[in-house]
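Per this note's numbering, the very first residue in the sequence shown carries number 92; after that it's consecutive. Every residue, glycine too, gets a C-beta built ideally from N, C-alpha and C. Right, one structure below, let's go through it.
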Amino acid sequence: MCGAALYTCLSTTCIILPTMSLNLFSRLMPAVEAFTPLFCEQAQRILQSAEQLRQMIVEDMPAEQHVAIIREIEKAADAVARRIFIAANRTFNAPIDREDILGLAHVLDDCVDLIEDTAKGIQRYGVRDFPAEMRDMGEAVVEAAAVLQKVMPFLASIAKDHKAIFALCEQVGQIEGRADASFDLGLTRLRAQLRAGELDTIAYIDRKELYELIENVVDKCDDVANAIQSITAKHV
């Protein structure tokens with residue numbers, strides 16, 4: 092046995108490793124700091140896809156082009172999520188619990204998936220005229236995504252920057268609240284248009300689903316913020 096023997100524990104089993112082997116073992120483990128850049132990359136993908144969704148709602152660019160761009164962003168986001176899953180399952184000394192890492196990676200990935208679903212819905216229903224409430228919700232998606240991008244770097248220093256983390260996550264909650272208000276106003280307008288004969292039943296159903304899809308995106312951004320707050324609360 093080379094060098095002094097040291098005890099180390101993996102799960103519930105204690106084994107003896109030589110000092111040299113233990114040092115090598117430590118070097119082979121992924122650096123804990125690796126997770127923050129990966130989370131930052133996921134947040135960047137969310138913001139990129141959110142901006143494309145907003146452009147679908149406020150610009151006259153063909154929906155097909157936006158959907159194609161979002162699809163490529165979603166593929167890149169999936170690749171980042173896989174890297175996080177692999178790294179988390181290989182890391183013994185992660186800065187936050189493995190379950191927290193995987194949970195955060197999942198909700199981040201869900202954000203891009205839901206944005207893609209919304210973009211496909213706009214394309215599928217051929218909606219080109221978006222009411223003010225739906226435009227406001229599209230803006231809310233971008234605002235929430237921008238805050239998530241801003242908060243991610245602080246995960247590398249949770250204990251030191253916990254106040255900034257909590258403050259930014261609260262901003263996401265406030266954005267989600269405003270989006271909910273726009274959602275309620277939008278549905279009220281839709282029902283009035285249906286009763287007045289300005290929309291037929293199919294058009295009403297299509298637009299109602301779009302409102303629900305966009306709301307799901309904002310809600311998922313709030314889920315990300317809640318996950319970050321939960322992680323932070325465990326480490327302060």
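Practice problem: Count the other CB atoms, across all protein chains shown, that sit within 10 Å of the CB of Val149; report buried if there are 16 or more and exposed otherwise. | Solution: exposed
Practice problem: Please state if the CB of Asn307 and the CB of Leu205 are separated by a distance shorter than 7 angstroms. | Solution: A contact, by the Cβ cut-off of 7 angstroms.
Quiz prompt | 6 angstroms Cβ shell around Glu267 - same chain, five flanking residues per side excluded | solution = Val309, Asp313
Exercise. Check whether the Cβ atoms of Cys131 and Met243 sit closer than 7 angstroms, and answer yes or no.
Key: yes
Quiz item: Hey, how far is the Cα of Glu261 from the Cα of Lys251?
Solution: 18 angstroms
Quiz item: If you compare alpha carbons, which of Asp227, Arg136, Leu301 is closest to Asp169?
Solution: Arg136
Practice problem: Quick one: grab the DSSP three-state call for Pro121. | Solution: The predicted position of Pro121 is uncertain, since its pLDDT is 38 and thus under 50; a value taken from the coordinates is nonetheless stated next. Of the three classes helix, strand and coil, the one that applies to Pro121 here is coil, per DSSP.
Quiz prompt | beta-carbon Glu234 near the ligand FMN non-hydrogen atom, thresh 6 angstroms | solution = What this structure holds is no ligand at all, so the ligand FMN is not there to describe.
Quiz prompt | Contact the region 226 to 238 vs the region 142 to 161: 3+ CB pairs below 8 angstroms | solution = In the pairwise beta carbon analysis, the region 226 to 238 is classified as touching the region 142 to 161: at least three pairs are separated by under 8 angstroms.
Quiz item: Under three-state DSSP, which class holds Phe257?
Solution: helix
Exercise. Could you tell me the distance, in whole angstroms, from the CA atom of Tyr295 to the CA atom of Met152?
Key: The alpha-carbon atoms of Tyr295 and Met152 are separated by roughly 23 angstroms.
Practice problem: Please go through the same chain and pick out, in chain order, the residues whose beta-carbon is closer than 7 angstroms to the beta-carbon of Leu259, but skip the five residues on each side of it. | Solution: Val238, Lys241, Val242
Quiz item: In whole angstroms, what separates the C-alpha of Gly212 from that of Glu289?
Solution: 21 angstroms
Quiz item: Skipping 5 residues on each side, what residues in its chain have a beta carbon closer than 7 angstroms to that of Val218?
Solution: Asp297, Arg298, Leu301
Quiz item: So, are the CB atoms of Ile256 and His326 less than 7 angstroms apart?
Solution: no
Quiz item: Just reading off the alpha helix (DSSP H) that Gly229 is part of, what are its end residues?
Solution: Here the alpha helix (DSSP H) through Gly229 covers 223 to 242.
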